[in-house]
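What follows is one structure encoded as structure tokens, with my remarks underneath.
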Amino acid sequence: NTHLNSDFRDETPLNSEDGTFAILAHGTPSVTRAAFTLSKFRLNIAAIHKYRPHPQGDYMVFTLDPACTNAVLKSAKGVWHTQALGENYTRVWLLCELQVSRLLPQFITDYAAKRAMPRATTWLKPQVEAAASLWLKK
4 NTHLNSDFRD ETPLNSEDGT FAILAHGTPS VTRAAFTLSK FRLNIAAIHK
54 YRPHPQGDYM VFTLDPACTN AVLKSAKGVW HTQALGENYT RVWLLCELQV
104 SRLLPQFITD YAAKRAMPRA TTWLKPQVEA AASLWLKK
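Sequential numbering from 4 applies to the sequence shown in the numbering used here.
The structure is reproduced here in structure tokens:
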């Protein structure tokens with residue numbers, strides 16, 4: 004869901020006879036591709052996500068799709084990892100590494116690092132808390 008102001012459950016389910024789209028279940032290893040635009044810089048990028056379940060915490064490795072390169076972002080890789088902290092708590096880790104063009108001025112690189120990385124996770128807490136409140140009502 005690229006519309007972070009709406010819940011993913013509000014999305015229209017996709018149905019495809021040729022298997023282009025699939026409904027993925029939690030706990031099932033998968034590989035997906037997502038294309039999106041970084042809004043502030045209007046930078047079109049695509050990422051490959053490899054989801055792997057694990058008894059001590061699921062993780063998703065992401066890399067920049069080599070088929071979607073651009074002059075600014077040279078490489079990107081990282082991992083989202085969930086760590087169970089008891090019955091009602093989960094910690095989410097984001098570790099990543101980005102490499103940008105040497106032609107990009109340092110102040111722009113510093114600005115992007117300072118602003119973009121914290122923003123990468125701001126959507127997470129409200130979304131999870133909203134989902135948890137719905138699940139706990141049942």
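We treat Cβ as the ideally placed atom computed from N, Cα and C, and that holds for glycine.
Model, not experiment: these values are computed from the prediction.
Distances from the alpha-carbon of PHE39 to those of MET63, ASP68, SER136 and HIS57 put ASP68 closest.
No Cβ-Cβ contact shorter than 7 Å links PHE65 with ALA49. Straight across, the Cα-Cα distance linking VAL131 with VAL95 is about 11 Å. The continuous beta strand (DSSP E) containing TYR62 extends over residues 62-67. Counting every other CB atom within 10 Å of its CB across the protein chains shown gives TRP126 a total below 16, marking it as exposed.
Among the bridge pairs identified by DSSP, THR35 is matched with HIS52. For ALA123, the enclosing alpha helix (DSSP H) has its first and last residue at 109-125. Rounded to the nearest whole angstrom, the CA to CA distance from GLY89 to LEU106 is 47 Å. Taken through DSSP and simplified to helix, strand or coil, VAL82 comes out as strand. Here the alpha carbons of ASN73 and ALA79 stand approximately 12 Å from one another. Look at VAL103 here: in three-state DSSP terms it is strand. Annotated three-state conformation of ALA133 is helix, per DSSP.
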